[in-house]
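Enquirer:
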Amino acid sequence: MGKLVWLVALMLLFSVAALAAYSGGSRSTPPAKPKPLPVAEEPQPTPPTARPEPAPEPAAVEPMAPASKPAFDESKAKCLGPSSVVERVKCRLRLTDEELAETEPDGSTEIYFLPEECRPLGGEARGQCVSAYARVQACWRFEGETREECLRKRVGLPEKSSVRDEKIKCLGDACREELRQRVYSLVKFRLYSLEDKASKLLRKGVSEDTVAQFISEMEQKKAEFNAATSLEARKKVLQGAARLWNDFKLEAYKQVRTGT
C-alpha cells in the first residue's frame, strides 16, 4: 500500500500545480459562468512570439467537459433509488464491472449508473456529464503513469506537455477557457481515480461502510470544487481531499492488518 500512497500524494500535488500553472497571472474579476466546451477539439496554435493576455477567473467550474455523444440510458440505470449518497455508493459497490458499464463494438462505453456529479443536472447537460464519465472508464484498468496518461488523453490534454506550455500556445480567450475546463475535468477525474482505488480495497478486506463513506466524501469535494470561485478555494478543496485520503488510508491499513 506504500507505493499507492506515494502515487496518490504525487497525483494530488500535480493537481494543485496544474491549477497554479493555469491560473498564474489571472485577473481577479470573474466573468460570467462559461459554457461546457467539447474536449475533442484542440486549442488553436499561436506564433512563438505571441504573448497572450492572462485569462480571468470564471465564476465556477462546469461539471465536467462534455463528450461527443450521450452514453447513458436512464431506463437502464441502476442504484437510482436510494435517497442518500452513501446508500447509492453502496449499491454501486455491489455491482460487477459488467453491470456498471459496457464497451460497445465501436469502442465507446455505455455506463449503467448515474454519477453523483451529474445527478443535479437535467436534459442535455446531464447526458454530456455522463458521457464525460463514460469516456474515462477504460482508464481504470491501468495504474500509475499509464492511468494518468489515459485520463489526460480522455479530457483532451496532451499526454506529455505541461499545462503552462499548452496555455502559451493558446490565442484568444476561447482557447484559454477551453484549456481551463480541461484542466478542471482532469483534476476531478483524479479524485474519481481515488474512488476507484478505494473500491478495489474491498478485495483486501476493507469494509463496505469505510469505502462508501470515503467515496461519498470525495463526491462532496467534487461539488465543492465546482462551486469554488478562486484558485485558493480550489486549492483548499484539494488539500481537504488529500486529508480524506490519508485518513481513509490509515483506517484501511488497520482493517487489512487486523482483519477487522
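Per this note's numbering, the sequence shown starts with residue 774, numbered consecutively.
Glycine included, every Cβ here is placed at the ideal spot set by N, Cα and C.
Round the Cβ separation of Glu981 and Lys851 to the nearest angstrom and send it over; I've been treating them as touching at under 8 angstroms.
Expert: In fact, because the Cβ distance is near 17 angstroms, the residues do not count as touching under 8 angstroms.
Enquirer: Can you list, in chain order, the residues of its chain whose CB lies under 8 angstroms from that of Glu990, leaving out five sequence neighbours each side?
Expert: Leu1017
Enquirer: When you compare the CB positions of Ala907 and Thr869, do they come within less than 8 angstroms of one another, or not?
Expert: No, the Cβ-Cβ distance between Ala907 and Thr869 is not below 8 angstroms.
Enquirer: Taking its Cβ as the centre, do 16 or more other Cβ atoms sit within 10 Å of Lys942, making it buried, or is it exposed?
Expert: buried
Enquirer: Could you name each continuous alpha helix (DSSP H) segment of 4 residues or more that falls completely within the segment 852 to 886, going from the start of the chain to the end?
Expert: 858 to 866 and 870 to 873
Enquirer: What did DSSP end up calling Glu934 once you bin it into helix, strand or coil?
Expert: In the sequence on display, residue 934 carries Ser and not Glu. Of the three classes helix, strand and coil, the one that applies to Ser934 here is coil, per DSSP.
Enquirer: Measuring only the C-alpha atoms, how far is Val1045 from Asp1020?
Expert: Limits of the chain in this structure are 774 at one end and 1033 at the other, which puts residue 1045 out of reach.
Enquirer: Can you tell me whether Ser966 is buried or exposed, with buried defined as 16 or more other CB within 10 angstroms of its CB?
Expert: buried
Enquirer: So, is Phe915 buried or exposed, given that buried needs 16 or more other C-beta atoms within 10 angstroms?
Expert: For Phe915, the number of other beta carbons within 10 angstroms of its own is below 16, and it is reported as exposed.
Enquirer: Would you decide whether Lys970 is buried or exposed? Buried here means 16 or more other CB atoms lie within 10 Å of its CB.
Expert: Under this definition Lys970 is a buried residue.
Enquirer: Among Phe886, Arg963, Arg953 and Glu921, which one has its Cα closest to the Cα of Ser1003?
Expert: Arg953
Enquirer: Which residues in the same chain have their Cβ closer than 7 angstroms to the Cβ of Leu853, if we skip the five residues on either side of it in sequence?
Expert: Leu887
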